[in-house]
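Novice: Chains as they are written, first to last, in full-length UniProt numbering: chain A, 1 to 338; chain B, 1 to 338.
Protein chains: 2
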Amino acid sequence: MNKSTIYHIAEQVGVSPATVSRALSGRGYCGEKTKEKILKIAKELNYAPDQAAKMLKTRKTKKIIFAVPDICNPFYFDMINGINQVLESYGYLLILFYTKHSLKEELKAIQNVREKVADGMIMVSFHFCEENIKAINSLHAPVVLTNKYVSAEGGDKFDYVYVDTYEGVKLGTEHLIKQGIEKIAFIGGNMSEQTGFQRYCGYRDALLDANLNLDESLVIPSNYTESGGYLAAQSLLERSERPQAVVAANDLMAIGVMKACEEAGLSIPDDIAVVGMDNLDIASRVYPKLTSVALLQEEIGRNAAQILMDRLHGNLSSDGEIKLLPRLVVRKSSMRFG
Amino acid sequence: MNKSTIYHIAEQVGVSPATVSRALSGRGYCGEKTKEKILKIAKELNYAPDQAAKMLKTRKTKKIIFAVPDICNPFYFDMINGINQVLESYGYLLILFYTKHSLKEELKAIQNVREKVADGMIMVSFHFCEENIKAINSLHAPVVLTNKYVSAEGGDKFDYVYVDTYEGVKLGTEHLIKQGIEKIAFIGGNMSEQTGFQRYCGYRDALLDANLNLDESLVIPSNYTESGGYLAAQSLLERSERPQAVVAANDLMAIGVMKACEEAGLSIPDDIAVVGMDNLDIASRVYPKLTSVALLQEEIGRNAAQILMDRLHGNLSSDGEIKLLPRLVVRKSSMRFG
DNA sequence: TTAACATATGAAACCGATTGCATAATATTC
DNA sequence: GAATATTATGCAATCGGTTTCATATGTTAA
Chain A
1 MNKSTIYHIA EQVGVSPATV SRALSGRGYC GEKTKEKILK IAKELNYAPD QAAKMLKTRK
61 TKKIIFAVPD ICNPFYFDMI NGINQVLESY GYLLILFYTK HSLKEELKAI QNVREKVADG
121 MIMVSFHFCE ENIKAINSLH APVVLTNKYV SAEGGDKFDY VYVDTYEGVK LGTEHLIKQG
181 IEKIAFIGGN MSEQTGFQRY CGYRDALLDA NLNLDESLVI PSNYTESGGY LAAQSLLERS
241 ERPQAVVAAN DLMAIGVMKA CEEAGLSIPD DIAVVGMDNL DIASRVYPKL TSVALLQEEI
301 GRNAAQILMD RLHGNLSSDG EIKLLPRLVV RKSSMRFG
Chain B
1 MNKSTIYHIA EQVGVSPATV SRALSGRGYC GEKTKEKILK IAKELNYAPD QAAKMLKTRK
61 TKKIIFAVPD ICNPFYFDMI NGINQVLESY GYLLILFYTK HSLKEELKAI QNVREKVADG
121 MIMVSFHFCE ENIKAINSLH APVVLTNKYV SAEGGDKFDY VYVDTYEGVK LGTEHLIKQG
181 IEKIAFIGGN MSEQTGFQRY CGYRDALLDA NLNLDESLVI PSNYTESGGY LAAQSLLERS
241 ERPQAVVAAN DLMAIGVMKA CEEAGLSIPD DIAVVGMDNL DIASRVYPKL TSVALLQEEI
301 GRNAAQILMD RLHGNLSSDG EIKLLPRLVV RKSSMRFG
């Protein structure tokens, strides 16, 4: 356990620790010959700078926290990739923190930033309650959120990078309408929550814009899982007049829908078309391949990380708010006349 | 930017910083009344301990690095889950580091440990070359590897948690043999690498143990991707006598095989049975569902993290080496008489 | 030759906690 | 009531860097 510090180097070379620090960091003046000697001895002593000491003095950790509800959802993998691309180029490390959809854990993540474990944070599905908002507002470090809360007052000033899911569902629905399909069902999540409601609105507005009838009985709330989609689809299919198409609020649900159709002996897309959302990896692996709306996870990650870096380096004065537009990926499951 | 430290608290309360430290940490003696006052003022000042300072003094970071080749492979996510379960209960944070299959990045990860960014590291697919081994051996922090190199000398003393893939392939192959299938092909990865070779051996030994003929022309090296499996399968299927079953070295390859079979108009499992390995999420989503060998990623993660915690808390004196036995998950794709 | 300036280096403060040692105050024992 | 043990607190050193300021030396300009 032969530790080596700038003091050890200084002693060996016969200079002061300050000089060693300057030689190694390249800041300030330092003679060429001295510098050479210092570097030589540093290598000999197998010197590695202590980051804790550096952090204490410089007040920078070169780390950021990515707070995410759970990692089971493949959706977040791509976000991490995007984030990491940016962080890497700035020499930052990424700390992964699970919030498990719980306010308590989100507060813990915030606390870690307060304790200067990281210089900033990117947070997914932030709970917009008073306690949380207050906690995040009192931070002296930048935070980027990836879900936006549209408040009545609109007084909060957060950095946001998010994707317009309203537009996403609308795109998917319009794609069906364009093919002449009129009787379209929507399987959504919890529509009393903001994101769930927005997705519903995308469906609704696509119909209304096309002057189609909006039949509320074709709107089924469920949960965002495969079985959620499966059960909702079953209830739709056992009706006398089944819909010609289903828009699901995410891919897992859509896959559940496809399963229910298959069991009911219906062929996709001929008997019934299906559109999902998220454009997960599996969307292109199921049979038939699933039409889906890409939510650009990786790009969200990249943008969020970039905003954070800009804030940390003083290159961003105004509010950061980036709204990404989703992209429809048409595959077999919705091609009525393919 | 009203920072607050133990000095500010000390001043307000009228005690020394040492007393504040003791009151807040609970270590050492501290009077009840003083403690109360200190806690009260700490809350008033919105005090949060500075982790950098704490780290510097205590020489502990309460973080560990998970160095992983890439994050695109869903395989690793379950590992992260397992790791995190353990870390959480010990109050550690996880730093994610991408090595991109490159030695240079692995050395960077090691350097981070040297610089005391983290207290320990879990590393996936470590390159067993001299430089890397030397670097890791000179660390004064515990490292757990998840791939084992069986060296001739066997002199290295690393902590390992890994799964016996030899046994995995053997299990899968035996499962087919038990059903009376004799003509079984093996699509492997790079068999000049240790892991690739071991998988091949599992296949070979299963046949030999059952006194079956080992036909080397049925062994196809390819790469560990869907298209790798697809191409290999095509070359198998265009022969005059096609195999009755295929064992693929991982699930992605197996899915490629299934695709090739489908295109060739063969029905799975009746015309040809397929077995994969990794038991990824998609194995149960493809049609027909894919029989696979579960490599217990989450358990690897949990065990690796536990060894690390034990080392860090002095609860482990001997070498840590845990070999996990894979588990066969039988699904439709291999059930010849289902 | 001297003023003005650039370069090289050291001394020491500082970042914000922890902790060993010394001392003071209080409690316990005989 | 004296001796001893226990509890409470402060002082000051320490962790390992960075950085400001002062000083010393060397260089160039006038």
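By construction, the Cβ of each residue, glycine as well, lies at the ideal position given by its N, Cα and C atoms.
Any beta-carbon of chain B closer than 8 Å to the one on A:M55?
Specialist: Counting from one through the first sequence, the residue named residue 55 of chain A turns up at place 55. Closer than 8 Å: yes.
Novice: Thinking C-beta only, is B:I307 closer than 8 Å to B:G320?
Specialist: Position 320 of the second sequence, counting from 1, holds the residue named residue 320 of chain B. Position 307 of the second sequence, counting from 1, holds the residue named residue 307 of chain B. Closer than 8 Å, so yes.
Novice: Do A:T99 and A:V68 count as a contact pair if the criterion is CB distance below 8 Å?
Specialist: Taking the first sequence and counting its residues from 1, the one referred to as residue 68 of chain A is at position 68. Taking the first sequence and counting its residues from 1, the one referred to as residue 99 of chain A is at position 99. Contact: yes.
Novice: Can you tell which of A:E36, A:A185, A:V86 has the C-alpha that lies nearest to the C-alpha of A:I272?
Specialist: By one-based count along the first sequence, residue 272 of chain A stands at place 272. That would be A:A185, whose Cα lies nearest to the Cα of A:I272.
Novice: Grab me the residues of B:P288's own chain with a C-beta within less than 6 Å of its C-beta, minus the 5 sequence neighbours each way, in chain order.
Specialist: Position 288 of the second sequence, counted from the first residue, corresponds to residue 288 of chain B. Same-chain partners within the cutoff: I268, K332, S333.
Novice: What residues from the segment 249 to 282 of chain B come within 8 Å of chain A, judged by C-beta to C-beta, listed N to C?
Specialist: Cβ contacts with chain A: I255, D281, I282.
Novice: Quick one: is B:L116 near chain A, going by C-beta distance under 8 Å?
Specialist: In the second sequence, the residue the question calls residue 116 of chain B occupies position 116. Checking the displayed sequence, the identity of residue 116 of chain B turns out to be Lys instead of Leu. Closer than 8 Å to some Cβ of chain A, the Cβ of B:K116 qualifies, so yes.
Novice: Give every residue of the same chain whose Cβ lies closer than 7 Å to the Cβ of B:R114, excluding the five residues on either side of it in the sequence, and list them in chain order.
Specialist: Looking up residue 114 of chain B in the second sequence gives position 114. L139, listed in sequence order.
Novice: Going by other Cβ atoms of all chains shown within 10 Å of its Cβ, with 16 needed for buried, is B:Y29 buried or exposed?
Specialist: Your numbering for residue 29 of chain B matches position 29 in the second sequence. The residue in question, B:Y29, is exposed, as its Cβ has fewer than 16 Cβ neighbours within 10 Å.
Novice: Taking a Cβ distance cut-off of 9 Å, strictly less, list which residues of the segment 197 to 213 of chain A are near chain B, in chain order.
Specialist: none
Novice: Just to confirm, is the Cβ distance from B:M258 to B:V275 under 8 Å?
Specialist: One-based indexing of the second sequence puts residue 258 of chain B at position 258. One-based indexing of the second sequence puts residue 275 of chain B at position 275. No; because the gap between Cβ atoms is not below 8 Å, this pair is not in contact.
Novice: Comparing alpha-carbon positions, which option in A:E241, A:Y230, A:A249, A:K183 lies nearest A:F197?
Specialist: Reading the first sequence from its first residue, position 197 is the one you call residue 197 of chain A. For A:F197, the nearest C-alpha among the options comes from A:A249.
Novice: Let's test the definition: count the other Cβ atoms within 10 Å of the Cβ of A:H175 and tell me whether it reaches 16, buried, or not, exposed.
Specialist: For the purposes of this step, residue 175 of chain A is taken as residue 175 along the first sequence, with counting starting at 1. So A:H175 ends up on the buried side.
Novice: Please report the residue range of the alpha helix (DSSP H) in which A:F77 lies.
Specialist: Start at 1 with the first residue of the first sequence, and residue 77 of chain A comes out as number 77. Counting along the chain, A:F77 sits inside the alpha helix (DSSP H) bounded by residues 75 to 90.
Novice: Would DSSP call A:E115 helix, strand or coil?
Specialist: As a working note, residue 115 of chain A is residue 115 in the first sequence. It is coil, neither helix nor strand.
Novice: Counting only C-beta atoms, is B:I38 closer than 8 Å to chain A at any point?
Specialist: Position 38 of the second sequence, counted from the start, is the residue given in the question as residue 38 of chain B. Any Cβ of chain A closer than 8 Å to the Cβ of B:I38 would place that residue at the interface, and such an atom is absent.
Novice: Please classify B:A245: is it buried, with 16 or more other beta-carbons within 10 angstroms of its beta-carbon, or exposed?
Specialist: As a first step, residue 245 of chain B must be located in the second sequence, where it is residue number 245. B:A245 is buried by the Cβ-count criterion.
Novice: What do you reckon, are the CB atoms on B:V329 and B:N279 nearer than 8 Å?
Specialist: Sequence index remark: in the second sequence, residue 329 of chain B carries index 329 (1-based). Sequence index remark: in the second sequence, residue 279 of chain B carries index 279 (1-based). Taking 8 Å as the cut-off, the Cβ atoms of B:V329 and B:N279 count as close.
Novice: Should A:A48 be flagged as near chain B, meaning a C-beta pair shorter than 8 Å?
Specialist: On the first sequence, residue 48 of chain A is found 48 positions in, with the first residue counted as 1. With 8 Å as the cut-off, A:A48 counts as an interface residue toward chain B.
Novice: Please confirm whether B:I282 and B:N303 have their CB atoms less than 8 Å apart.
Specialist: Locating residue 282 of chain B in the second sequence gives position 282, where the first residue counts as 1. Locating residue 303 of chain B in the second sequence gives position 303, where the first residue counts as 1. Contact: no.
Novice: Measure the C-alpha to C-alpha separation of B:K3 and A:N137 and round it to an integer number of angstroms.
Specialist: The residue given as residue 3 of chain B occupies position 3 in the second sequence. The residue given as residue 137 of chain A occupies position 137 in the first sequence. C-alpha separation (whole angstroms): 15 Å.
Novice: Measuring alpha carbon to alpha carbon, tell me which residue in A:K148, A:P243, A:K157 is nearest A:D164.
Specialist: If you number the first sequence from 1, residue 164 of chain A lands on position 164. Comparing Cα-Cα distances from A:D164 to each of A:K148, A:P243, A:K157, the minimum goes to A:K148.
Novice: Can you tell me which of the three DSSP states B:F97 falls into?
Specialist: Mapped onto the second sequence, residue 97 of chain B falls at position 97. The answer is strand: DSSP assigns B:F97 an E or B state.
Novice: Might you give, ordered along the chain, the residues of its own chain that have their beta carbon closer than 6 Å to the beta carbon of B:A233, omitting 5 neighbours on each side?
Specialist: Against the second sequence, residue 233 of chain B aligns to sequence position 233. Correct list, in chain order: V257, A260.
Novice: In chain order, what residues of the segment 83 to 100 of chain A put their CB closer than 8 Å to some CB of chain B?
Specialist: N84, E88, L93, L94, I95, L96, F97, Y98
Novice: Could you compute how far the alpha carbon of B:I177 sits from the alpha carbon of B:G189?
Specialist: Numbered from 1 along the second sequence, position 177 holds the residue referred to as residue 177 of chain B. Numbered from 1 along the second sequence, position 189 holds the residue referred to as residue 189 of chain B. Between B:I177 and B:G189, the C-alpha separation is close to 22 Å.
Novice: Between A:Y287 and chain B, is there a C-beta pair that is closer than 8 Å?
Specialist: Here residue 287 of chain A is taken as the residue at index 287 of the first sequence, counted from 1. Yes, A:Y287 counts as interfacial toward chain B.
Novice: What would DSSP say about A:T291, mapped onto helix, strand or coil?
Specialist: Taking the first residue of the first sequence as 1, we reach residue 291 of chain A at position 291. Of the three classes helix, strand and coil, the one that applies to A:T291 here is strand, per DSSP.
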